[in-house]
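Note that the sequence shown ends on residue 424 in the UniProt record's numbering; no numbers are left out.
Take a look at the structure below.
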Amino acid sequence: MPKLTKSVVETAEPRPKQFTIWCSELKGFGVYILPTGKRTYFADYRNADGSRKRMTLGRHSVITCEEARKLAMAALGGVVKGADPLTERSSRRAALTVSDLCDLYLEAADKGLVTTRFHKPKRASTLAVDRGRIGRHIVPLIGSKKADRLTRADVQRMTDDIAAGKTAGTFKTKLRGKAVVTGGAGTARRVVELFGGIWTWAERRGHVVGRSPTHGVETQKGDPKDRILSPAELARLGAVLKEKEEALPFAVAAVRLILLTGARREEIVGLRWSEFDAAGSCLRLEQTKTGRSMRPIGSPVVAILSALPRDENEFVFPNRSGKRPADLKKRIAELFDAAGVDDARSHDCRRTFSTTADELGYSEATAGSIIGHASRGVTARHYIRRPDAALVEAADKVAKLIERRMNGIEAQVVELPRGKKDEA
């Protein structure tokens, strides 16, 4: 009887009849293998009245052998204390609603126990979006349903209702705040993806059993966003930034940095002084959507950051206490509205930066490296601590062209020779 390991479980050959492999080190922990090849972990124990019970822990490939071992240790440890883990789990499942499931997920996420595809805890900004989708769409439509009875048809109806705008509306959030919920096909698809992630998280921890009811649900792709700011719009926005610079210095500087770096709004608003390397012409961001990221920046960006007051603050744009970054979302939106580009926002600046790089003849790979797309390898992420000189030069040229357009100068774009397009 071997110790159960990933290798032992995966190399065991299926037999004509179901059979069990017991763990030599943890009594009561085992895996049974079906003729079909499916492998399922379980904990076997005797209850206080002497009756024997078997508690399914999860299917191999859905949970790992080590995860199953920890679940078995917790269950068998409870038995020693007089608990009946199988009965207790059945009772929880019988009472667990979709809303309860979402609460458990968010509670774990707040503790850093829910990770992204980059194996990092979800950031506060991402969790804020998750909360909005859960509170505005999932809970109102299927929150009261029992999780163990939820079907694909239930999720499909939720998806169709969101796409049709059933959950759309304007909701009061905090003092003088509001949330505008539009729904639509794109929102419906993202809500289904989120709920699929919640189900997978819950299934791995024994809160639910079986395939996610999101599997096979039909969703529509929203129209791809291709909004970019034209030279004329950049000039109008530039004029507004000059006009509002004294009244809204932080918001103005943030918009300029977003435009001249192609960075995400939260990356600029949450920027720390320790992440700004003027000598290296780069930003060394510790936390982004794709993990740690080194971004080459042009001389206009270095000039803007160098001119901002530090005042012993950790953040470039601190709030009044100086302990957190300021919430500039509303102020930034006001600047776009004042420039007459109320249908554009920060992410459109990111797209504008990439498009300008393309105008100058730089490749998609070069533009992606400058704005921090997740295509870098291990060496670039962990070992290279200086930005490539060619990327710094490219970031500088793109930033200077955008800056000229913001100043109302429509400079002629001289495209790089095609043979040199990928040098950066």
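Even glycine gets a Cβ: it sits at the ideal position worked out from N, Cα and C.
For this session: Look at the Cβ atom of A147, then the Cβ atom of V208, and state whether they are nearer than 7 Å.
Result: yes
For this session: Determine the burial state of H215: buried for a count of at least 16 other Cβ atoms within 10 Å of its Cβ, exposed for fewer.
Result: exposed
Exercise. Taking the Cβ atom as the reference point for each residue, do V252 and P325 lie within a distance shorter than 7 Å?
Worked result: no
Problem set entry | Simplified DSSP state of G419, which is helix, strand or coil | Because G419 carries a pLDDT of 42, less than 50, the predicted location of this residue cannot be relied on, and no value is offered for it.
Problem set entry | Cβ shell of V301 (< 7 Å), same chain only, five flanking positions each side left out | Hits under 7 Å: L257, L260, T261 and A399.
Exercise. By DSSP, does K166 sit in helix, in strand, or in coil?
Worked result: coil
Problem set entry | Buried/exposed call for residue 425, threshold 16 Cβ in 10 Å | This structure gives no information on residue 425, because the portion of the chain shown stretches from 1 to 424.
Exercise. Under a three-way DSSP split, which group does P2 fall into?
Worked result: coil
Problem set entry | Residues near K420 by beta carbon distance below 8 Å, same chain, minus five either side | In this prediction, K420 scores a pLDDT of 45, lower than 50, which makes its location untrustworthy; the coordinate-derived value is nonetheless stated afterwards. Once the five neighbours on either side are set aside, the close Cβ partners of K420 are G361.
Exercise. Helix or strand or just coil, what does DSSP make of P121?
Worked result: Look at P121 here: in three-state DSSP terms it is strand.
For this session: Assuming F29 and A12 form a contact by the criterion Cβ under 8 Å, report the distance between their Cβ atoms to the nearest whole angstrom.
Result: Between A12 and F29 the Cβ distance is about 15 Å, and since that is not below 8 Å, they are no contact.
For this session: Would you mind working out which of A357, L401 and P14 sits nearest L391, comparing C-alpha positions?
Result: A357
Exercise. Measuring CA to CA, which of G184, Y32, R136 and M158 is closest to K172?
Worked result: R136
Exercise. Would DSSP call T182 helix, strand or coil?
Worked result: coil
Exercise. Which residues in the same chain have their Cβ closer than 8 Å to the Cβ of Q18, if we skip the five residues on either side of it in sequence?
Worked result: Y32, I33, L34 and P35
For this session: State the start and end residues of the unbroken beta strand (DSSP E) segment that holds Y41.
Result: R39 to R46
Exercise. Is the Cβ-Cβ distance between T182 and T219 less than 7 Å?
Worked result: no
Exercise. Just how far apart, CA to CA, sit A380 and D277?
Worked result: Below a pLDDT of 50, predicted positions are generally treated as unreliable, and A380, at 48, falls in that range; no measurement from the model is reported.
Problem set entry | Identity of the residue in G368, S230, R272 and I304 nearest K344 by Cα | For the record, residue 344 in the displayed sequence is Ala; it is not Lys. Minimum Cα distance to A344 is reached at S230.
Exercise. Is the region 186-198 touching the region 304-319 in the sense that three or more CB pairs, one from each, lie closer than 8 Å?
Worked result: Touching, no, given that fewer than three Cβ pairs across the two stretches are closer than 8 Å.
Exercise. With contact counted as at least three CB pairs below 8 Å, one residue from each stretch, are the region 161-170 and the region 110-118 in contact?
Worked result: no
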